[in-house]
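Protein chains in written order, with UniProt numbering: chain A, 1 to 771; chain B, 1 to 289; chain C, 1 to 166.
Have a look at the structure below, then the notes.
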Ligand SMILES: Cc1cc2nc3c(=O)[nH]c(=O)nc-3n(C[C@H](O)[C@H](O)[C@H](O)COP(=O)(O)OP(=O)(O)OC[C@H]3O[C@@H](n4cnc5c(N)ncnc54)[C@H](O)[C@@H]3O)c2cc1C
Ligand code: FES
Ligand code: FES
């Protein structure tokens, strides 16, 4: 191969862009199969109630309406399929799964109770208004406190709103606390918010009654799993079902899971023998797509007087909403298990209570569990460092894991899964690099200072990002008649530039120009099995699978070419699309049709890591926080495309700032969602974005995969909560403000200052200190 | 989020438009820029049987500046106001306020008449109209009348307009030379409706403040005059201390609402802060904090 | 009248469409004219994904009825490229990695095209101010601002104007 690594590591322009900037993208809403019908969902207007009856007579009579389906049409009582637990399933979760359409109870505002199919989406919406649903209200379980009391139950048969308690254990936390010089306990909260991809979800199903073949467009993330599960739910043979991935307008963890609509849309297509399309509108997206991040924590830290963290213990309540969705347990599992992050904390005892409430079910959002734990722990660290009179930088240096301490196991979850371990890295180096790039030493003079009416503060926080999730991924490479190769891979694209990055890897492995590689991904028609795009895994796993397949293809080419061109297979050279043998050469196109499919297996996760630093200014009279400077430095093992990676980092930081300052799904005490539009659910806009500098390093290749890359894409988000909250705390040090609840909205920050002022006015307030 | 069914008409005269609306018994709605009505249709919060599009009605899109002040036709858009260089002198408060309205694309379609008729309690124009004692010119089957802004603005999304009346124009009285003004609002993000906003002006009578007019918006059912602040200001010489007192008096005099974006206490404190800072700015004093 | 026949120019081509009067311009472009480059991401005027130019002005096509565009000249993202070549703005978006999923991109391109056509010297603050009417969930906006700044030169060409920059 003539130019090893010519593509990997260079900021090549994305192969996706030309289509997308000219309006030639192909998103699911752009598809118009023949005889297309439109589906809309009738959703529960009530948070909790018994479903008495549904009268759809008038709706069915509306001209243009083709059908209205309710649970009665889907199956007899007990036969309505339930949404499976895909990831981090728990036996206790079985009783809390969601029927694909409400059967006898509704448990959140937005739960589907009927599906209208019409010739036109507007007519389908007209029909919604004609359906009469009789719901007997039940007392709503509006928050985790009400859930914990079990006064009202979502699932009477299960007997409790507590699905399970996940217990993470390492060492002997209680003994460590008993012996510690210093302990401090604090309560934290993170508000419910959501991934909010710009393209709402959408599905388009076609069903051919003659062949019995179902094709579902709009799939992404885990199409192979979903095919298997949906085929079962729909009573079809797997071979009769294909899921097709088209362009996808962002996922961030929420898109591509099995939701009620993923069953209902193909179900309608099968019933009607027609094509049915459902495009989620933004209002329903806010109550139908997975929510995320609502955690309430009561945590305690134990330290030596010198700032060595000895132990963490406490309880975390996860408000999971009304049902255990496909990946609903992933965030709480990560919260309990990954609390120590990149720090050396030998003794851990964290209990995670998984609670159901009458709100939209929760799932993953970019950096699940990492954002939360980083916020909790980094806050605790700064509280402890301040109490102990230790500089926050020195505090972190003392506790960050050293290079020679890796690999190192995380706490295991009792009875659930074995400990996983951190791979490799130089945490201290990246930490220092971030401080240097940020200009920590110069900015340190600003700490807590009042300048032109605003208090300035700086903070630093380190994180780990898990990625490269096992177990395996498939890739097929086929030589095409034009001398190029088609690369098919089981990974899914969710708008992150996957095709570009994987093309770079394939082009390098085969010694071909990028233009000779056609990359296809996601759809179940491509390879025998695939595992998709979750857990920052698509580049690592898909890329590794491509490497393995490329090696196999080259080996096969050498054998075939040696037979044709003479000499031994080992003498065959392949360069720039030409195959050179002992007695001559042939263009690659001469071998058209040669095709190999290979599987890459992996049992280990990767952990990229990094450090964030931020500088904020707080207006104490309005509570407004301006982020003035933000620096992230991360080590991802090996950088495939610095430009796309940089884009991911900046995008992730801004999403994180949304989580910290703006985004909040607000419910009232009756379980009504009050933020039902983008005028109320606020995401960052261009005028909210500060100066952000993102540095991505490939310090040391990851030992756990042939590519040497670690998962990336979440790191920019993970530490935002901790670092911003700490910078605000540092700015407001003179008030003694502890911002332990997100979002840091202006009213919240203002109120914290008011409360601190009142405390200062009453001198005998108890603080916590050295034990 | 598709609009409910309705009929559509695009009349070419004011009389025809009024007639169409009158004949529909209150079930017809005019549509101007559509920047408030279309979202309401998308959410099916409005369900008119007929939409009467004003885009071809002549005579509604002029801006007149003369000795009588400023006259804005009902169909004058935000972008028209921004582009009219005369307004910075003719009604500086208006010129200062309008750039805060919504976003670029919305400013290309949203209109003066639509904003007044929509009467969002957090909108800029109704507040400026109230501060300036502007008059709304309305026309219905019974003819034309003018309504003082204070009488016109009744409550949230509620005005004194009859269902069969159309806004034709809004008239701002002349702006005296030497008048000081200030406009400020605080919103979660640029372009969002204000959590609290203030619009104010005062004249200078030999070093003392005269004719102080202070309006707050975003705090209640409609924009409101803050007489308590005005009383403190009138007759006194501008100073940081005076402005702090006026702001405190203003804050004491209101009962702001609580919603998902901010609670009443916060709004009250924010009003005081904004007012104090805006007064300082308009008087050319450096704000204390 | 619950359906209407409208005649408008779309990307320079005179077009007649039969539309329900309640249909938004966004839906008419997508469903009737089959120009699916215009995206809808909220249908209530907040996200800007549906932005098109109507008689040269950037507007949200979800907040306008198709019937209201009768007689207008509409430019969509499909109308920005000329003769199969990317416009300088489109090329700048690619070169500066100003998109990831690309769902917001058509609305941002049309908005920024309108802005630079009218104000080729728009500075960063002005670009950010105008861009604040468009939501992007992927990029964090900074690469978009860089791309727009880089594209300004093309709009300052001596014969200037939208045609030159296409
Ligand atoms: C995302 C977003 C953000 C916004 N932010 C702001 C903001 O910060 N500040 C702000 O002030 N506005 C804001 N707006 C609203 C915008 O300014 C509207 O343009 C304005 O409020 C209404 O003007 P319009 O011409 O679009 O009215 P339309 O939407 O056409 O009509 C609004 C109402 O007025 C009636 N109406 C219209 N014209 C007349 C008339 N001549 N006579 C009688 N009745 C009439 C209609 O029947 C309707 O009830 C925002 C809108 C959006 C979508
Ligand atoms: S779809 Fe039009 S603004 Fe969002
Ligand atoms: S590129 Fe995905 S929303 Fe902007």
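Even for Gly, the Cβ is constructed at its ideal location relative to N, Cα and C.
Looking at the C-beta of residue 253/A, does it have a partner C-beta in chain C at a distance below 8 Å? False, the Cβ-Cβ gap to chain C never drops below 8 Å.
Residue 19/C and residue 3/C closer than 8 Å at C-beta: The beta carbons of residue 19/C and residue 3/C sit closer together than 8 Å.
Within the stretch 281 to 308 of chain A, ranges of the beta strand (DSSP E) (whole runs, at least 3 residues): Runs of beta strand (DSSP E) with 3 or more residues, each lying fully within the stretch 281 to 308 of chain A, are found at 295 to 303, listed in chain order.
I want to see whether chain B comes within less than 8 Å of residue 39/A, judged by CB atoms only; does it? Answer no: the Cβ-Cβ gap between residue 39/A and chain B never drops below 8 Å.
Name the chain C residues that come within less than 9 Å of residue 106/B, Cβ to Cβ? Ordered by position in chain C, the residues that pass the 9 Å Cβ test against residue 106/B are 45, 59, 60, 63, 133.
What are the boundary residues of the alpha helix (DSSP H) that residue 113/B is part of? That run of the alpha helix (DSSP H) goes 112 to 118.
Going by DSSP in three states, residue 743/A sits in which element: helix, strand or coil? Residue 743/A falls in the coil class under three-state DSSP.
Taking only the alpha-carbon atoms, compute the straight-line gap between residue 66/A and residue 241/A and give it to the nearest angstrom. About 24 Å.
For residue 138/C, which residues in chain A fall below 7 Å Cβ to Cβ? Those within 7 Å of residue 138/C in chain A are 250, 495, 651.
By DSSP, does residue 166/C sit in helix, in strand, or in coil? Note that residue 166/C has pLDDT 47, beneath the 50 cutoff, so the model's placement of it is unreliable and the number below is only indicative. In this structure, DSSP gives residue 166/C a state outside helix and strand, which the three-state scheme calls coil.
Segment limits, alpha helix (DSSP H) that includes residue 18/B: Looking at the DSSP string, the run of the alpha helix (DSSP H) that includes residue 18/B is 14 to 22.
Could you name the residues of the stretch 212 to 230 of chain B whose beta carbon sits closer than 7 Å to any beta carbon of chain A, in the order they occur along the chain? Along the stretch 212 to 230 of chain B, there is no position whose C-beta sits under 7 Å from a C-beta of chain A.
Residue 189/B in three-state terms, based on DSSP: Residue 189/B falls in the coil class under three-state DSSP.
How about residue 717/A and residue 652/A: do their beta carbons lie closer than 8 Å? Cβ distance < 8 Å, so residue 717/A and residue 652/A count as in contact.
Three or more C-beta pairs closer than 8 Å, one from the stretch 134 to 146 of chain C and one from the stretch 229 to 245 of chain A: is that the case here? With contact defined as three or more Cβ pairs closer than 8 Å, the stretch 134 to 146 of chain C and the stretch 229 to 245 of chain A are not in contact.
Contacts of residue 48/C in chain B (Cβ-Cβ under 8 Å): Scanning chain B for C-beta atoms nearer than 8 Å to the C-beta of residue 48/C yields 103, 105, reported in chain order.
What would DSSP say about residue 376/A, mapped onto helix, strand or coil? Residue state, collapsed to three classes: helix.
CB-CB under 7 Å to residue 49/B, same chain, minus the five flanking residues each way: which ones, in chain order? Closer than 7 Å at Cβ, skipping near neighbours: 6, 7, 24, 27, 28.
C-alpha distance - residue 392/A paired with residue 249/B, whole-angstrom precision: Here the alpha carbon of residue 392/A sits roughly 43 Å from the alpha carbon of residue 249/B.
Only counting the same chain, and skipping five residues up and downstream in sequence, which positions put a Cβ closer than 6 Å to that of residue 486/A? Sequence-distant partners of residue 486/A (beyond 5 residues in either direction) whose C-beta falls short of 6 Å from its own C-beta, in its chain, are 478, 480, 518.
4-residue-minimum alpha helix (DSSP H) runs that sit fully inside the stretch 303 to 348 of chain A, ordered along the chain: Runs of the alpha helix (DSSP H) inside the stretch 303 to 348 of chain A: 330 to 337.
Put residue 769/A into one of helix, strand or coil per three-state DSSP. Confidence is the limiting factor: at residue 769/A the pLDDT is only 42, short of 50, which leaves the residue's position unreliable and the question unanswerable from this model.
Am I right that residue 52/B and residue 17/B are in contact with their C-beta atoms under 8 Å? What's the rounded C-beta distance? Contact annotation, residue 52/B with residue 17/B: C-beta distance approximately 5 Å; criterion of less than 8 Å satisfied.
Can you find the residues in the same chain that come closer than 7 Å, C-beta to C-beta, to residue 92/A, ignoring five residues on each side of it along the sequence? Take residue 92/A, set aside five residues on each side of it, and the residues of its chain with a beta-carbon closer than 7 Å to its own are 163, 164, in chain order.
Residue from 174/B, 183/B, 178/B with nearest C-alpha to residue 68/B: Of 174/B, 183/B, 178/B, the residue nearest in Cα terms is 174/B.
For the stretch 253 to 270 of chain B, which residues have a beta carbon sitting closer than 9 Å to at least one beta carbon of chain A? Listed by position, the residues of the stretch 253 to 270 of chain B near chain A (Cβ gap below 9 Å) are 259, 260, 261, 262, 263, 265, 266, 267, 269, 270.
For residue 472/A, which three-state DSSP category applies? The answer is strand: DSSP assigns residue 472/A an E or B state.
Could you say which of 569/A, 554/A, 610/A, 568/A lies nearest to residue 597/A if we only look at CA atoms? The candidate whose alpha carbon is nearest that of residue 597/A is 554/A.
Sub-8 Å separation of residue 96/A and residue 356/A beta-carbons: Between residue 96/A and residue 356/A, the C-beta gap is smaller than 8 Å, which places the two residues in contact.
For residue 693/A, which of 447/A, 436/A, 505/A, 476/A has the nearest alpha-carbon? Comparing Cα positions, the closest option is 436/A.
Short check: CB of residue 199/A to CB of residue 250/A, under 8 Å? Less than 8 Å divides the Cβ of residue 199/A from the Cβ of residue 250/A.
Any chain B beta carbon closer than 8 Å to residue 145/C: Look at residue 145/C: its C-beta is not under 8 Å from any C-beta on chain B.
Cβ-based burial, residue 44/A [other Cβ within 10 Å; buried from 16]: Under the 10 Å beta carbon count, residue 44/A is surrounded by 16 or more other beta carbons and is classified as buried.
Among 47/C, 46/C, 61/C, which residue has its Cα nearest to the Cα of residue 53/C? With distances taken between CA atoms, residue 53/C lies nearest to 61/C out of 47/C, 46/C, 61/C.
Beta-carbon proximity of residue 615/A to residue 277/A, cut-off 8 Å: Not in contact: residue 615/A and residue 277/A (Cβ atoms no closer than 8 Å).
Relative to the C-alpha of residue 286/A, which residue among 243/A, 118/A, 362/A is closest? Nearest of 243/A, 118/A, 362/A to residue 286/A, Cα basis: 362/A.
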